[in-house]
Amino acid sequence: LHWEKDGGRIETRGLSGKYSGGNARIPSLTIRHVTRSDAGTYTCLVQHVTRRAAASLLMEVFYPVSIISISDPKEVSLEDHVTFRCVADGNPPPNITWSKTGRPLWAHVYTMSSDVRIRTSSLVLYSVNESSSGYYTCTASNGVGKRAEKSTNLDVLGK
1 LHWEKDGGRI
11 ETRGLSGKYS
21 GGNARIPSLT
31 IRHVTRSDAG
41 TYTCLVQHVT
51 RRAAASLLME
61 VFYPVSIISI
71 SDPKEVSLED
81 HVTFRCVADG
91 NPPPNITWSK
101 TGRPLWAHVY
111 TMSSDVRIRT
121 SSLVLYSVNE
131 SSSGYYTCTA
141 SNGVGKRAEK
151 STNLDVLGK
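Going by the UniProt record's numbering, the letters in the sequence shown line up with residues 1 to 159, in that order.
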C-alpha cells in the first residue's frame, strides 16, 4: 500500500516528516502542518497478488482572504469618471465590497485570473463632484479568519 499526491509517490517514512501512516500497518495518511500547497488529489494504491485497487480524493485547503492590491489614490477634476480596483485572494473565493465612510457602495466583482480564488472588484464613479472626495475602502471576506480591508483616497479638485 502507498499514497500518491497529484500522481507522485508520497514518502511516509520517519516520524518527523510531513506525512505519516499511509502503509499496510497504518493505511490512513496523516498530513502535518497543512499549507496551501498541500491541496490536490491524493490516491491510495493497494497491490495484491491478483489485482490492484486505487481510491482518490480531492483535498481542498481553505485560507483567509488577503488583499493583493488596491488602486493608488487619485486626484481628478470635477465631472471626471474614476475607477478604483481591488484584487483579493482567498479560499473559498472572497466576497468584495466597497464603502465610503461606512456607507456601502455598489461595485462589480469578477474573476480576471485563471485562478477562481482571485477576485477583482471595480468601483466606478461617474461625474464626480466635491462630495465624492474622501477615502474609499475595499473589504474582502470569505468566512475563514478575519476580513481584510484596504483604503484609497479620491481628491476632486474644484474649477
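In this text, a Cβ means the ideal position worked out from N, Cα and C, and glycines have one as well. The model shown is predicted, which means the values in this text are computed figures rather than measured ones.
Note down the Cα distance separating T50 from V34, rounded to an integer number of angstroms.
Roughly 36 Å between the two C-alpha positions.
For the beta strand (DSSP E) holding D89, just list the boundary residues, first then last.
Segment V82 to N91, the beta strand (DSSP E) holding D89.
Can you list, in chain order, the residues of its chain whose CB lies under 7 Å from that of V82, leaving out five sequence neighbours each side?
Setting aside the 5 residues that flank it on each side, V82 is surrounded in the same chain by K74, V76, L125, V128 and L154, each with a C-beta closer than 7 Å to its C-beta; the list follows chain order.
By a C-beta neighbour count over all protein chains shown, 10 Å radius and 16 as the cutoff for buried, is T97 buried or exposed?
Buried: at least 16 other Cβ atoms inside 10 Å.
Taking the straight line between their C-alpha atoms, what separation do you get for R32 and S131?
Rounded to the nearest angstrom, the two C-alpha atoms are 53 Å apart.
Whole angstroms is fine: what's the gap from S20's alpha carbon to C44's?
Between S20 and C44, the alpha-carbon positions lie close to 13 Å from each other.
Exposed or buried, V156, counting other C-beta atoms within 10 Å across all chains shown (16 or more means buried)?
Classification for V156: buried.
Do you know how far the Cα of G40 is from the Cα of G158?
Using only the alpha carbons, I get a separation of about 55 Å.
Would you say Q47 lies against chain D (beta-carbon separation less than 7 Å)?
Although the question refers to chain D, the structure presented lacks it and comprises just one protein chain.
Report the partner residues of A54 according to the DSSP bridge assignment.
Beta-bridge pairing links A54 to L45.
Of the residues G8, A148, F84 and G90, which one's Cα is nearest the Cα of residue 165?
One cannot answer for residue 165 here, as it falls past the ends of the chain, which runs 1 to 159.
Which of the three DSSP states, helix, strand or coil, is assigned to R36?
Looking at R36 - three-state DSSP - the assignment turns out to be helix.
I'd like to confirm the pairing. Which residues does DSSP put opposite D155 in its beta bridges?
The partner list for D155 (beta bridge, DSSP) reads E75.
Residue range of the beta strand (DSSP E) that includes A140
A140: member of the beta strand (DSSP E) spanning G134 to S141, first to last residue.
Is DSSP giving S131 helix, strand or coil here?
Helix, per DSSP.
Would you mind sorting L58 into buried or exposed? The rule is 16 or more other CB atoms within 10 Å of its CB.
It is exposed - the Cβ of L58 has fewer than 16 other Cβ atoms within 10 Å.
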